[in-house]
Amino acid sequence: MELRHLRHFVAVAEEGHITRAAERLGMQQPPLSQRIKAIEDELDVQLFRRKPRGVELTEAGRVFLDRARATLAHYDGAFEATRSAARGEQGRLCIGVLPTTLFHPFVPLVIRAFRTAYPQVSVTLDECMRAEAIDGLRNQQLDIAFLRSAIDEQEDLLAYPLLNEPMVAALPSDNPLARSGRGAQSLFLKDLADEPFILYARKLGPSFYEATMAACIRAGFTPRVGQEAPRITSALSLVAVGLGVSLVPASMQNMTMNGVVYRRLKGPIQPKAVLMIGLRRGDTSPVVRNYVRLVRKTAKTFRPTEDQAT
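Residue numbers (our numbering): 81 to 390.
1) Going by DSSP, what residues sit across from Leu137 in a beta bridge?
2) Within its chain, find whatever has a CB closer than 7 Å to the CB of Ala230; leave out the 5 residues flanking it on each side and keep chain order.
3) For Met337, tell me which candidate among Arg344, Val321, Ile349 has the shortest Cα-Cα distance.
4) Glu207 to Leu178, Cα distance in whole Å?
5) By a C-beta neighbour count over all protein chains shown, 10 Å radius and 16 as the cutoff for buried, is Tyr371 buried or exposed?
6) DSSP has Asp363 in a bridge; who is on the other side?
7) For Phe194 and Pro366, I'd like the C-alpha separation in whole angstroms.
8) Can Asp236 and Arg218 be called in contact, C-beta distance under 8 Å?
9) Going straight from the alpha carbon of Val190 to that of Ala197, what length do you get?
10) Is it the case that the Cβ atoms of Lys330 and Glu245 are separated by a distance below 8 Å?
11) Across the stretch 126-144 and the stretch 339-351, are there enough close Cβ pairs to call them in contact, namely three or more that are closer than 8 Å?
12) Can you tell me which of Lys380, Arg311, Leu374, Val325 puts its alpha carbon nearest to the alpha carbon of Ile224?
13) In terms of DSSP beta bridges, what is Cys174 paired with?
14) Have a look at Ser287 and Ala353 and give me their C-alpha separation to the nearest angstrom.
15) What's the C-alpha gap between Phe391 and His154?
16) For my contact list, Leu267 and Leu327 are in at a C-beta cut-off of 8 Å; report their separation, rounded to the angstrom.
17) Scan the stretch 201-251 and note each continuous beta strand (DSSP E) run of 3 residues or more that stays entirely inside, going in chain order.
18) What is the DSSP secondary structure of Tyr342, reduced to helix, strand or coil?
19) Which same chain residues, not among the five before or five after Arg360, have their C-beta less than 7 Å away from its C-beta?
20) Give a yes or no on whether the C-beta atoms belonging to His403 and Arg115 are separated by under 8 Å.
21) Find the nearest neighbour of Arg282 within the set Ala315, Glu275, Gln265, Arg259, judged by alpha-carbon distance.
22) At what residues does the alpha helix (DSSP H) containing Ala277 begin and finish?
23) Starting from the C-beta of Asp254, find all residues in its chain whose C-beta is less than 7 Å away, skip the five residues before and the five after it, and write them out in chain order.
24) Report the option in Ala291, Ala309, Pro310 whose CA atom is closest to the CA atom of Thr302.
25) Could you check where the beta strand (DSSP E) with Glu308 kicks off and where it finishes?
26) So for Glu94, helix, strand or coil by DSSP?
27) Return yes when the Cβ of Val248 is within less than 8 Å of the Cβ of Gln333, no when it is not.
28) Could you spell out the range, first to last residue, of the alpha helix (DSSP H) harbouring Phe194?
29) Taking Leu272 as the reference, which of Tyr280, Thr313, Gly324, Pro241 has the closest Cα?
30) Bridge partners for Leu267 per DSSP, in chain order?
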């Protein structure tokens with residue numbers, strides 16, 4: 081017995097009339113009558129009682145109708161789930177997020193937007209460092225990763241730049257430059273020339289290290305490195321205890337820490353922190369394609385808050 085035969089039976093049961101069922105199915109009445117008789121012969125039971133103006137189900141027929149409907153619903157659901165998965169509307173997505181990207185409002189914005197647009201996709205987040213994110217993409221533990229620096233040209237990975245974010249100075253709260261009497265809202269980068277710098281470890285986050293060094297040199301001085309920190313949060317902790325100053329993405333101002341004051345930079349030297357999305361080159365997953373398409377489209381219209389404005 082084929083699925084179409086079950087559909088024939090259900091149509092007759094619901095219509096209570098073979099001719100009307102045949103019209104509904106787009107077929108002739110004699111072949112439909114023959115099909116119902118063949119189903120009864122195969123099951124060796126009577127499914128319908130013939131009446132002058134139609135047919136009605138027997139007790140066996142009612143039981144078979146329930147099972148036939150359930151079988152058709154199961155197969156229809158399987159077919160639709162398959163089509164939905166092919167459209168990227170179902171599946172799983174694992175997103176790698178660096179500690180600094182979690183503070184950027186764009187990242188939670190696009191994750192929420194994706195979950196709204198594709199509620200049947202299971203989304204998980206994995207906080208990791210840059211090297212871990214790249215390894216995770218390569219070994220397929222991650223599908224997507226938000227990064228802060230470009231990936232070296234590789235055959236297996238690629239990254240799309242999304243946004244450029246201004247960097248701000250993080251100062252110990254007792255530093256004279258942080259006091260309200262001197263540039264409470266902003267300062268020139270060269271004002272930090274005599275301060276020890278807390279830098280994000282180069283091997284872990286080359287973009288922040290290089291951006292800081294390049295900006296300082298353009299401002300006319302070589303920064304005196306006080307210490308390198310393994311994480312941006314560690315760098316801010318070192319700033320909080322007075323061991324130096326640091327340049328961090330403007331979105332890090334969302335992280336309030338006792339002992340740390342943030343100051344915007346003014347003047348021609350404006351170092352930037354880039355936000356990128358990395359993925360496997362040639363990834364055929366429709367879920368990944370949908371996510372990348374949404375992220376890149378949203379980035380084009382994203383407007384930073386006042387604190388992030390250049």
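Each residue gets a CB set at the ideal place from its N, CA and C atoms; glycine is no exception.
By the coordinates alone:
1) Phe128
2) Ala239, Met356
3) Val321
4) 6 Å
5) buried
6) Beta-bridge pairing links Asp363 to no other residue.
7) 13 Å
8) yes
9) 10 Å
10) The residue asked about is misnamed: residue 330 is Ala in this sequence, not Lys. Contact flag set, yes.
11) no
12) Leu374
13) Thr204
14) 7 Å
15) Because the chain is modelled from 81 through 390, residue 391 falls outside the range shown and cannot be assessed.
16) Rounded, the Cβ-Cβ distance is 12 Å, inconsistent with contact.
17) 201-207, 224-227
18) strand
19) Leu217, Asp236, Leu237
20) The structure shown does not extend to residue 403, since the chain spans only 81 to 390, so no value can be given for it.
21) Ala315
22) Residue identity differs from the one stated: residue 277 is Phe in this sequence, not Ala. From DSSP, Phe277 is part of no alpha helix (DSSP H) but of the beta strand (DSSP E) over 276-280.
23) Gly322
24) Ala291
25) 304-309
26) helix
27) yes
28) 186-197
29) Gly324
30) Leu345
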